[in-house]
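In this note's numbering, the protein residues as written are 102 to 242.
All C-beta atoms, glycine included, are put in the ideal place defined by N, C-alpha and C.
Everything numeric in this text was worked out from a predicted model, so none of it was measured.
Please read the structure below before turning to the comments.
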């Protein structure tokens with residue numbers, strides 16, 4: 102099952118990057134990768150420790166010790182995360198909400214969804230949501 106660049110395989114999620122054969126896909130920008138003490142480019146790995154899960158770090162790509170006299174234990178703390186985008190202004194939020202109502206999402210069956218506004222009392226008790234516009238098809242988006 103492929104979804105959003107990830108594949109599910111043997112009860113584990115792993116990132117599947119775009120290959121050269123699929124040049125039309127999104128390509129992340131190149132980051133400068135530091136060199137290890139042994140002169141080889143370091144590898145980027147992700148932490149699995151509960152406190153730092155998902156954070157990327159650099160390590161030497163040699164998982165074994167090719168030279169027992171001079172072991173390479175290169176480790177660079179953390180890869181700097183990308184900067185957060187600036188917060189949306191109120192005008193941008195209003196424009197995004199209007200665009201969402203003007204151009205509703207598509208249902209899984211291919212029909213444009215319909216915005217439902219249940220129980221518009223004072224104060225409103227429920228959040229508006231999109232659902233399939235076909236009466237015979239029950240699908241919440």
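Report the three-state DSSP secondary structure of residue i (helix, strand or coil).
i: residue 146; result: strand
i: residue 210; result: coil
i: residue 201; result: helix
i: residue 194; result: helix
i: residue 215; result: strand
i: residue 126; result: Summary for residue 126: the model assigns pLDDT 49, below 50, so the residue's position carries little reliability; its value from the coordinates is reported in the next sentence. Correct three-state label for residue 126: coil.
i: residue 248; result: What the structure shows of the chain is the stretch from 102 to 242, and residue 248 is not part of that stretch, so it cannot be assessed.
i: residue 160; result: strand
i: residue 104; result: For residue 104, the predicted structure reports a pLDDT of 44, less than 50, and the residue's modelled location is therefore unreliable. A value from the coordinates is still provided. Residue 104 falls in the strand class under three-state DSSP.
Beta-carbon separation of residue i and residue j under 8 Å?
i: residue 158; j: residue 180; result: yes
i: residue 144; j: residue 162; result: yes
i: residue 148; j: residue 138; result: no
i: residue 134; j: residue 146; result: no
So what does residue i bridge to, in DSSP terms?
i: residue 227; result: Answer by DSSP bridge pairing: none, since residue 227 is not bridged.
i: residue 154; result: Paired residues: none, contrary to the question.
Since residue i contacts residue j with CB under 8 Å, what's their CB separation in whole angstroms?
i: residue 219; j: residue 213; result: Not confirmed; about 19 Å, so no contact.
i: residue 215; j: residue 231; result: 7 Å
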